[in-house]
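Asker: Could you have a look at this structure, given as structure tokens, before my questions?
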Amino acid sequence: MQLLSPCYRHVDMTCIRIEGIAKRFGSTAAVDGVDIEIHAGELFFLLGPSGCGKTTLLRMIAGFIEPSAGRISFDDADVTVLPPNKRNTGMVFQSYALWPHMTVAENVAYGLRVRKVDAATRKQRVAAALESVQMGEYAQRKPNQLSGGQQQRVALARALVVEPQVLLLDEPLSNLDAKLRLEMRQEIRRLCKSTGITTVYVTHDQEEALSMADRMAVLKSGKLQQLGPPQELYNQPRTRFVAEFLGETNLIPATISGRDGDQVRLETAVGEVSAKLPGGDVPEGGNVTCSIRPESFRLDPTPEASVVSGEVKDIVFLGDSTQAVVGFSGGHTVRTVSLNQGQRPSPGDQTRLHVDPQDIVILSD
Ligand code: ATP
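Written out as structure tokens, the structure is:
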């Protein structure tokens with residue numbers, strides 16, 4: 008994608024502060040006391056299952072929904088009860104919401120007309136916005152003459168042309184096919200980073216969030232579960248919910264049997280292992296659940312790895328990798344995944360699995 012014209016470079020980046028925000032619809036607490044600070048210029052994701060409150064939170068940032076409690080500010084300006092048209096945000100909806108009777112150029116120009124921008128400037132800014140999403144040559148088409156991906160680009164250009172302080176994206180890729188979704192992920196990220204616009208992106212697709220976000224917040228039942236960069240949330244989930252929501256994991260019951268420097272020893276349902284000492288209390292003899300990702304079980308040993316032995320129960324060949332289900336003497340099973348290099352195990356084989364202490368996460372609930 009080509010670089011944006013200088014008029015789309017935002018030097019004044021905006022920080023969004025969400026403090027104690029809540030929204031009730033009757034007896035439903037859609038958002039329940041959320042505190043988040045979104046850094047200036049950040050591509051920030053709100054992630055969670057259907058009904059967790061992410062769209063309600065985005066709509067409160069946009070000004071379409073008034074909070075029941077709490078405060079939202081853009082830099083030092085309190086915008087909690089400011090109407091949407093006074094907030095200088097650009098929004099892209101799941102459905103694109105383009106006007107069907109207007110051309111692409113007219114759709115993109117709409118926000119500038121409302122703001123009474125003169126015709127010559129309008130023309131120049133519409134052309135630059137369409138170029139920035141590689142849609143310059145489609146300016147005179149109507150939306151129904153475009154593919155889904157092209158309509159999505161127009162929706163982005165329309166949001167960006169008004170030079171918003173904040174860009175808000177509500178499941179923007181969910182109507183596209185899988186291949187186009189992958190392409191658009193990269194484009195949206197590049198667009199956000201090259202403009203420097205603080206962007207809040209709502210999705211229930213954890214892969215989209217993990218691959219695009221600077222930082223992300225996982226919500227459940229209107230409450231913030233965990234906030235941080237993708238790698239931190241994936242590798243160090245604090246709760247069972249976050250561990251399971253962000254990709255596949257093995258949840259294994261365990262008892263803390265001792266402490267050894269910066270590690271704890273665990274008696275688990277698959278054998279004895281050592282894990283990195285978690286923050287907080289680790290009462291000896293306490294029952295915990297630990298999370299081990301399928302790719303963390305490896306066939307090759309490392310000096311610090313723990314070893315557990317089991318029997319291969321099932322094998323699924325996935326082209327570049329193989330999934331195995333491994334059973335242990337007490338009846339517990341785990342899933343493993345490994346790249347297809349060298350010899351693959353077969354059902355009935357005894358196998359030794361190695362797992363490093365830092366790949367075993369002791370969950371807080
Ligand atoms: P989805 O991914 O399905 O869009 P979401 O995480 O965006 O879900 P919200 O749309 O924010 O969730 O809804 C959160 C909760 O608030 C849900 O229980 C929903 O039914 C409820 N809710 C949302 N809007 C309203 C409304 N206008 N009136 C009543 N309840 C609402």
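For the sequence shown, this note's numbering assigns the number 8 to the initial residue and increments by one for each residue that follows. Don't be surprised by glycine CBs; every beta carbon is placed ideally from N, CA and C.
1. Taking 7 Å as the cut-off, is the CB of G70 close to at least one heavy atom of ligand 1?
2. What separation, rounded to the nearest whole angstrom, lies between the Cα atoms of M67 and R351?
3. Measure the C-alpha to C-alpha separation of E144 and Q152 and round it to an integer number of angstroms.
4. Could you spell out where the alpha helix (DSSP H) holding F248 opens and where it closes?
5. What residues match up with G278 in a beta bridge as DSSP calls it?
6. Are the CB atoms of I263 and E291 nearer to each other than 8 Å?
7. If you compare alpha carbons, which of S313, Q330, L306 and A276 is closest to K283?
8. Is T206 closer than 8 Å to R176 when the C-beta atoms are compared?
9. Please state whether DSSP places E26 in a helix, a strand or coil.
10. Going by the C-beta, is T35 closer than 7 Å to any heavy atom of ligand 1?
11. First and last residue of the alpha helix (DSSP H) that includes C199?
12. Under a CB-based cut-off of 8 Å, is L187 close to chain D?
13. Would you mind sorting Q232 into buried or exposed? The rule is 16 or more other CB atoms within 10 Å of its CB.
14. Skipping 5 residues on each side, what residues in its chain have a beta carbon closer than 8 Å to that of R129?
15. Mind pulling the beta strand (DSSP E) runs of 3 or more residues that sit fully within the stretch 279-363?
16. Ordered along the chain, which non-local residues of its own chain (more than five positions away) have a Cβ less than 6 Å from that of Q147?
17. Determine the contact status of I367 and V280, defining contact as a CB-CB distance below 8 Å.
18. Check whether the Cβ of S57 sits closer than 7 Å to any heavy atom of ligand 1, and report yes or no.
19. For F52, is the beta carbon positioned less than 7 Å from some heavy atom of ligand 1?
20. Pop quiz: T63 and V86 are said to be a contact at Cβ under 8 Å. What is the actual Cβ separation, rounded to whole angstroms?
21. Start and end of the beta strand (DSSP E) containing N257?
22. Mark R122 as exposed unless 16 or more other C-beta atoms lie within 10 angstroms of its C-beta, in which case mark it buried.
23. Is the beta carbon of D372 sitting closer than 8 Å to the one on T275?
24. On the CB-based measure, 16 or more other CB atoms within 10 Å of its CB, does P412 come out buried or exposed?
25. Let me check one thing: in DSSP terms, what residues is E170 bridge-paired to?
26. Between the alpha carbons of D184 and G33, how many angstroms are there, rounded?
27. F324: buried (16+ other C-beta within 10 angstroms of its C-beta) or exposed?
28. So for D82, helix, strand or coil by DSSP?
29. Report yes if the CB atom of V173 is closer than 8 Å to the CB atom of F71, and no otherwise.
30. For Q238, collect the residues of the same chain with a Cβ closer than 6 Å to its Cβ; drop the 5 residues on either side in sequence, then sort them by chain order.
31. Would G60 and G27 be called neighbours here (beta carbons separated by less than 8 Å)?
Answerer: Here's the rundown:
1. Within the sequence shown, residue 70 is the residue found at index 63, counting from 1. No - ligand 1 has no heavy atom lying nearer than 7 Å to the Cβ of G70.
2. Within the sequence shown, the letter at position 60 stands for residue 67. Within the sequence shown, the letter at position 344 stands for residue 351. Rounded to the nearest angstrom, the two C-alpha atoms are 52 Å apart.
3. For the purposes of this step, residue 144 is identified with residue 137 of the sequence shown, where counting begins at 1. For the purposes of this step, residue 152 is identified with residue 145 of the sequence shown, where counting begins at 1. Here the alpha carbon of E144 sits roughly 13 Å from the alpha carbon of Q152.
4. Here residue 248 refers to the residue found at position 241 of the sequence shown. R247 to F252 is the span of the alpha helix (DSSP H), which, as asked, contains F248.
5. Numbered from its first residue, the sequence shown carries residue 278 at position 271. For G278, which the question treats as bridged, DSSP gives the partners T275.
6. Taking the sequence shown and counting its residues from 1, one reaches residue 263 at position 256. Taking the sequence shown and counting its residues from 1, one reaches residue 291 at position 284. For I263 and E291, yes; Cβs fall inside 8 Å.
7. The residue given as residue 283 occupies position 276 in the sequence shown. Answer by Cα proximity: S313.
8. Taking the sequence shown and counting its residues from 1, the one referred to as residue 176 is at position 169. Taking the sequence shown and counting its residues from 1, the one referred to as residue 206 is at position 199. It should be pointed out that residue 176 corresponds to Leu in this sequence rather than to Arg. It is a contact, given that the beta carbons lie within the stated cut-off.
9. Here the question's residue 26 lines up with position 19 in the sequence shown. Correct three-state label for E26: strand.
10. The count along the sequence shown starts at 1 and reaches residue 35 at position 28. Yes, since a heavy atom of ligand 1 falls inside the 7 Å radius drawn around the Cβ of T35.
11. Start at 1 with the first residue of the sequence shown, and residue 199 comes out as number 192. In the DSSP assignment, C199 falls within the alpha helix (DSSP H) that extends over A185 to T202.
12. Any reference to chain D falls outside this structure, which holds one protein chain only.
13. Here the question's residue 232 lines up with position 225 in the sequence shown. So Q232 ends up on the buried side.
14. Numbered from 1 along the sequence shown, position 122 holds the residue referred to as residue 129. A116, L119 and R120.
15. For the beta strand (DSSP E) assignment, the uninterrupted runs of no fewer than 3 residues enclosed by the stretch 279-363 are, from N- to C-terminal side, 294-299, 313-324, 328-334, 340-346 and 357-362.
16. Residue 147 sits at position 140 when you count from the first residue of the sequence shown. For Q147, where only same-chain residues beyond five positions count, the Cβ hits under 6 Å are T110.
17. Working through the sequence shown from its first residue, we reach residue 367 at position 360. Working through the sequence shown from its first residue, we reach residue 280 at position 273. The answer is yes: Cβ separation under 8 Å.
18. Here the question's residue 57 lines up with position 50 in the sequence shown. It does: the Cβ of S57 is within 7 Å (strictly closer) of some heavy atom of ligand 1.
19. Position 45 of the sequence shown holds residue 52. In this structure, F52 has its CB at a distance of at least 7 Å from all heavy atoms of ligand 1.
20. For this step, residue 63 is matched to residue 56 along the sequence shown. For this step, residue 86 is matched to residue 79 along the sequence shown. Between V86 and T63 the Cβ distance is about 16 Å, and since that is not below 8 Å, they are no contact.
21. In the sequence shown, counting from the first residue as 1, residue 257 sits at position 250. Start and end: N257 to D267.
22. The residue you call residue 122 lines up with position 115 of the sequence shown. Around the C-beta of R122, fewer than 16 other C-beta atoms lie within 10 Å, and the residue is accordingly described as exposed.
23. One-based indexing of the sequence shown puts residue 372 at position 365. One-based indexing of the sequence shown puts residue 275 at position 268. D372 places its beta carbon 8 Å or farther from that of T275.
24. This structure gives no information on residue 412, because the portion of the chain shown stretches from 8 to 372.
25. Here the question's residue 170 lines up with position 163 in the sequence shown. Beta-bridge pairing links E170 to no other residue.
26. As a first step, residue 184 must be located in the sequence shown, where it is residue number 177. As a first step, residue 33 must be located in the sequence shown, where it is residue number 26. Rounded to the nearest angstrom, the gap between the Cα atoms of D184 and G33 is 37 Å.
27. Numbered from its first residue, the sequence shown carries residue 324 at position 317. Flag for F324 reads exposed.
28. As a position in the sequence shown, residue 82 is number 75, starting the count at 1. DSSP places D82 in coil when its eight states are reduced to three.
29. For this step, residue 173 is matched to residue 166 along the sequence shown. For this step, residue 71 is matched to residue 64 along the sequence shown. Not in contact: V173 and F71 (Cβ atoms no closer than 8 Å).
30. Looking up residue 238 in the sequence shown gives position 231. Setting aside the 5 residues that flank it on each side, Q238 has no residue in the same chain whose C-beta is closer than 6 Å to its C-beta.
31. As a first step, residue 60 is located in the sequence shown; it is residue number 53 there, counting from the start. As a first step, residue 27 is located in the sequence shown; it is residue number 20 there, counting from the start. For G60 and G27, no; Cβs fall outside 8 Å.
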